[in-house]
Each structure stands twice: as C-alpha cells, then as structure tokens.
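Numbering (the numbering used here), first residue to last: 536 to 693.
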C-alpha cells in the first residue's frame with residue numbers, strides 16, 4: 536500500500552463523486568488549496584450534520600441528530616458501513632485507514648457519510664497489506680459505531 540498525498544486524496548475523492556454503496560457516500564470535493572509547509576485544505580460539499588464524535592460529546596448542540604440516531608438500527612448501520620468499505624476497495628482499490636467516530640457523519644437527512652481520506656491507502660500493484668487494512672477498517676468502524684450508539688442510548692434529550 537502507498538500513502539496518499541493531498542493531490543491523490545483530492546483525486547480519490549473526485550473519483551468517489553458518483554460512488555455510493557448501501558446508501559453511504561462521501562461529500563464531493565470542490566477545490567484544493569496548499570499552503571506553506573505541510574498545511575493543506577480542500578473544500579467539500581456542505582452536509583447538514585455532524586460527525587459521530589461531535590454528536591456524542593456535544594449533546595445539547597445536537598439534539599435533533601441524537602433523535603435521528605435513536606431511530607437507526609445499530610446493526611444495519613454497521614452492515615451498511617462494512618458494505619461501503621468492501622465496495623470502496625473492490626471498485627477503487629482504496630481503503631480509508633481511519634474509520635473512527637470523527638470520520639463518520641450523520642446528516643440531518645438520516646444519511647451516513649464517510650469523510651477525511653487523509654490516512655487512506657491505495658493499492659497500486661496488489662497484495663495482502665491493503666486487504667488487511669480493509670479488514671482493520673471494518674473492525675474499527677464496527678467498534679466505533681457500536682460505541683457511538685451505546686453512548687447515544689444513555690443521552691436523555693430534554
């Protein structure tokens with residue numbers, strides 16, 4: 536596996552413009568800006584929602600998203616995200632590499648989005664390493680999503 540540069544990350548995101556699996560997609564990038572040193576930014580489609588980390592850690596600001604999350608079936612969300620990871624690999628030979636709560640969004644529309652491909656890997660020649668990263672992605676997202684829903688279940692909305 537090869538680390539993806541910012542240029543390649545934006546290219547990957549561009550290729551994912553029309554990619555969707557199990558109703559999950561990635562916001563569309565619009566521009567790339569590189570500043571001095573290692574700082575870089577890119578703009579992407581604005582999604583009305585927050586990442587799972589923000590929802591859990593700032594419940595007073597995210598009451599609507601908590602209500603939406605409480606209507607979702609945790610195992611179906613895990614299944615859909617795992618399907619997304621598998622299809623991302625099968626169709627684009629890319630693995631995310633960092634599927635924690637801060638890189639999974641819940642939109643006000645109830646949709647799930649995968650963001651921040653800064654630690655993703657791309658398979659150029661083939662090999663088992665990238666498949667191992669995909670398996671690790673699936674294990675990580677399963678843990679992260681189940682942990683999110685456990686925390687959400689404990690939050691009381693006034």
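Quick reminder that beta carbons are idealized off the backbone N, C-alpha and C, glycines included. The model shown is predicted, which means the values in this text are computed figures rather than measured ones.
Beta carbon of residue i nearer than 8 Å to that of residue j
| i | j | result |
| --- | --- | --- |
| residue 692 | residue 563 | no |
| residue 580 | residue 634 | no |
| residue 613 | residue 677 | yes |
| residue 683 | residue 636 | yes |
| residue 615 | residue 650 | no |
| residue 638 | residue 597 | no |
| residue 642 | residue 690 | no |
| residue 609 | residue 550 | no |
Residue from the options with nearest C-alpha to residue i
| i | options | result |
| --- | --- | --- |
| residue 631 | 643, 588, 617 | 617 |
| residue 625 | 548, 606, 549, 556 | 556 |
| residue 647 | 628, 665, 619 | 619 |
| residue 667 | 611, 629, 603, 597 | 629 |
| residue 644 | 553, 603, 587 | 603 |
| residue 698 | 608, 610, 665, 623 | Outside the displayed range of the chain (536 to 693) lies residue 698, so it cannot be described from this structure. |
| residue 665 | 621, 546, 640 | 621 |
| residue 640 | 546, 548, 588, 549 | 588 |
| residue 686 | 627, 675, 605, 611 | 605 |
Beta-bridge partners of residue i, as assigned by DSSP
| i | result |
| --- | --- |
| residue 649 | 639 |
| residue 559 | 556 |
| residue 669 | Per DSSP, none; premise fails for residue 669. |
Residue range of the unbroken alpha helix (DSSP H) whose run includes residue i
| i | result |
| --- | --- |
| residue 617 | 609–627 |
| residue 602 | 598–605 |
Start-to-end residues for the beta strand (DSSP E) that takes in residue i
| i | result |
| --- | --- |
| residue 584 | 584–586 |
8 Å Cβ cutoff, residue i in contact with chain B
| i | result |
| --- | --- |
| residue 673 | The chain labelled as chain B is not found in the depicted structure, where only one protein chain is given. |
With three or more beta-carbon pairs closer than 8 Å as the criterion, would you say the region 663–675 touches the region 585–595? no
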